[in-house]
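Data first, discussion second: the structure below is written as structure tokens.
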Amino acid sequence: MTQSPRGVVSFGELLLRLNPRGFERLEQAHDFECRYTGAEANVAVSLARFGVGAYVASKVPDNEIGQACINYLRQFGVNTDFIARGGDRLGLFYLETGTSQRASKVIYDRAHSSFCESDRRDFDWDRILVDKVWLHFSGTAAALGDRMVAILDDGLLE
10 MTQSPRGVVS
20 FGELLLRLNP
30 RGFERLEQAH
40 DFECRYTGAE
50 ANVAVSLARF
60 GVGAYVASKV
70 PDNEIGQACI
80 NYLRQFGVNT
90 DFIARGGDRL
100 GLFYLETGTS
110 QRASKVIYDR
120 AHSSFCESDR
130 RDFDWDRILV
140 DKVWLHFSGT
150 AAALGDRMVA
160 ILDDGLLE
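Start counting the sequence shown at 10; every next residue gets the next number (our numbering).
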């Protein structure tokens, strides 16, 4: 699909999802499937699939796991130029898929992730928002604390 030159920036935490195969419970699992995700990453992938210029603004560790996350988004046509590098770890969550009467379960492990430790200097909103028509984010980013609210304020005031 051909992407339009103008686009949408999706700002939020990129996460590594680990889930047992099939319908195993977390305490039964011996191995896990992994996927890179996050609410805003999912929005960006969907927009890219519809031919909209999709960009992600986030932060991942400057290591192989961070690069794998970036590569995952790129395969769907998402522009990753605005993903900062640094910090110690990628946030993650464990998903136990429900079945029949048993509900699904999610356990988050996001404390001290690269994104949670982001600084205002990680996001040059003047550059990020040039020729963009929309800045997408969810309440999750702002709920991470005053530091993230300040980063979002910078982007919204741009």
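Heads up, the beta-carbon is just placed ideally off N, CA and C, and yes, glycines get one too.
Note to self: Quick check on the burial criterion: 16 or more other C-beta atoms within 10 angstroms. Buried or exposed for W143?
What the structure shows: With a threshold of 16 other beta carbon atoms within 10 Å, W143 falls short and is exposed.
Item checked: Beta-carbon gap between S147 and G21 smaller than 8 Å -> By the CB criterion at 8 Å, S147 and G21 fall inside the cutoff.
Item checked: Given T46 as reference, the closest of G31, V87, K141 once Cα atoms are compared -> If we check each option's Cα against that of T46, V87 comes out closest.
Margin query: For G62, list the residues DSSP reports as bridge partners.
Written below: Per DSSP, G16.
Check: If we count the other Cβ atoms within 10 Å of its Cβ and call it buried at 16 or more, is D97 buried or exposed?
Finding: It counts as exposed.
Note to self: On the criterion of 16 or more Cβ atoms from any shown chain inside 10 Å, does T89 qualify as buried, or is it exposed?
What the structure shows: Classification of T89: buried, given that the 10 Å Cβ count is 16 or more.
Item checked: Member of A150, L104, D155, R111 whose CA lies at the smallest distance from the CA of A66 -> Among A150, L104, D155, R111, the Cα nearest to that of A66 is on A150.
Item checked: Every unbroken alpha helix (DSSP H) inside the stretch 78-153 [4 residues or more] -> Those alpha helix (DSSP H) runs which fall completely within the stretch 78-153 and span 4+ residues are 134-137, 148-151.
Next item on the list: For L23, name the three-state secondary structure that DSSP assigns.
Entry: Note: L23 maps to coil in three-state DSSP.
Item checked: E42 in three-state terms, based on DSSP -> Shown here, E42 sits in a strand according to DSSP, grouped into three states.
Check: Given 8 Å as the limit, is there contact between the stretch 71-80 and the stretch 102-112, that is, 3 or more CB pairs closer than that?
Finding: Taking a contact to require three or more Cβ pairs closer than 8 Å, the stretch 71-80 and the stretch 102-112 do not qualify as touching.
Notebook entry, point to check: According to the Cβ coordinates, are R129 and I92 closer than 8 Å?
Noted result: Note that the C-beta distance between R129 and I92 is not below 8 Å.
Item checked: Proximity winner among G107, E105, C125, relative to L99 (alpha-carbon distances) -> If you compare the alpha carbons of G107, E105, C125 with that of L99, the shortest gap goes to C125.
Item checked: Other residues of its chain near V158: CB distance less than 7 Å, five sequence neighbours each side excluded -> Taken in chain order, the residues that qualify are A151.
Next item on the list: Could you tell me which of A63, V115, N72 sits nearest to V18, measuring between CA atoms?
Entry: When A63, V115, N72 are compared, the shortest CA-CA separation from V18 is found for A63.
Check: Where do the ends of the alpha helix (DSSP H) carrying S165 lie?
Finding: Correcting the residue type first, residue 165 is Leu in the shown sequence and not Ser. Taken as a continuous stretch (DSSP letters only), the alpha helix (DSSP H) holding L165 covers 155-166.
Check: Are the beta-carbon atoms of L24 and C43 separated by less than 8 Å?
Finding: No, they are not a contact pair.
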